[in-house]
Amino acid sequence: MASEDAARKTTSESAVSTIVNLAEEAKLASEGVKAPSHAFVTVGKSLIAGGVAGGVSRTAVAPLERLKILLQVQNPHSIKYNGTVQGLKYIWNTEGLRGLFKGNGTNCARIVPNSAVKFYSYEQASKGILWFYRQQTGDEEAQLTPLLRLGAGACAGIIAMSATYPMDMVRGRLTVQTEKSPHQYRGIFHALSTVLREEGFRALYRGWLPSVIGVVPYVGLNFAVYESLKDYLVKNKPFGLVNDSELSVTTRLACGAAAGTVGQTVAYPLDVIRRRMQMVGWKDAASIVTGDGKGKAGLEYTGMVDAFRKTVRHEGFGALYKGLVPNSVKVVPSIAIAFVTYEVVKDILGVEMRISD
């Protein structure tokens, strides 16, 4: 009898436990909180959407990305091209089709996880900031302001950039090397191992500070302008652009283009300095920056401020905007394609997009 009572007791406790667990899951669902297994699936889908968005957008504009970097580090006394079209023609004539996409594999290897982390971090930061904002104001219906979106975007940008910065560093070097470079990095892992062996771990994060400073206005403004424009259009419905509270792909592309234009213009000088600091310590960088493999002048900066000072002193203030034109041509469709691809992939995967839900 005792064993039967114990068995019944165990069965009863198991049933109660099951009922309690089901009740807890029902409560979480009613409050709009996903159960853990569902949450993992949602996170995975968000990361996939962000990664696809990054890979598609960067590949679409890879030739302009390479030209921008080459212009950023080009020696003013050995200029082979000035304009965007002239530069693309030069790369095509000297290196062919592969030259236009040099470094894109590394860029995608970096941008896919970077974009995945950035988009996911933005959504999570937005939710956290919105919760805190509602607690502080006592208004449960409050929505994110442009300034709060700027903060969420800045947080997302810093997290994503820091997580993948070594890949960006070696991508810069792979992008600028040519067939005439004395030393060749054979690929991503060869570049990483060579930098570690010859220059040490800290070299992988050279230029990180201007990147952090630059990512705040760049990524922050991208998200803030994009989301704010979308909200404005949905609420005010100007020019008949909105039907049933939904923006067309073309309208979202325009919002993304506007966001990219604002962000990149503000942050561009910091991108130039970052790229130049990444060349420091590379023993063959001088042959690339000075042209034709003849110059051996050292490339040395004691820090971000020193890099700014030397660049402006030797090349003028305009040097801080070298490559701005191809970057502008590149950034607008790149950001626009990234945002739209992200939303489309999330729609396909069935992931809810709204931050306020």
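Position in the sequence shown counted from 1, then plus 550, gives you the working numbering. Note that the Cβ used here is the ideal one computed from N, Cα and C, for glycine as well.
- Nearest neighbour of Leu-771 by Cα position, chosen from Ala-807, Leu-647, Lys-785, turns out to be Ala-807.
- The C-alpha of Gln-686 lies about 14 Å from the C-alpha of Lys-677.
- Under the three-pair Cβ rule at 8 Å, the stretch 644-658 counts as touching the stretch 600-617.
- Residue burial is scored here from C-beta neighbours: Gly-813 has at least 16 other C-beta atoms within 10 angstroms and is therefore classed as buried.
- The alpha-carbon of Val-765 is positioned some 6 Å away from that of Ile-708.
- Collapsing the DSSP output to three states places Leu-694 in coil.
- By the criterion of at least three beta-carbon pairs nearer than 8 Å, the stretch 740-760 is in contact with the stretch 822-830.
- The continuous alpha helix (DSSP H) containing Asn-786 extends over residues 758-786.
- Taking a cut-off of 8 Å on C-beta distances, the stretch 775-789 does not touch the stretch 850-867, as fewer than three cross pairs fall below it.
- DSSP, read as helix, strand or coil, puts Arg-736 in coil.
- Per DSSP, the continuous alpha helix (DSSP H) segment holding Gln-674 begins and ends at 654-687.
- In the displayed model, Glu-850 falls within coil according to three-state DSSP, outside both helix and strand.
- For Gly-649, the enclosing alpha helix (DSSP H) has its first and last residue at 634-650.
- Distance check between Leu-697 and each of Ala-713, Leu-680, Glu-691 places Leu-680 closest, using alpha-carbon atoms only.
- Only exposed fits Leu-647, as fewer than 16 other CB atoms lie within 10 angstroms of its CB.
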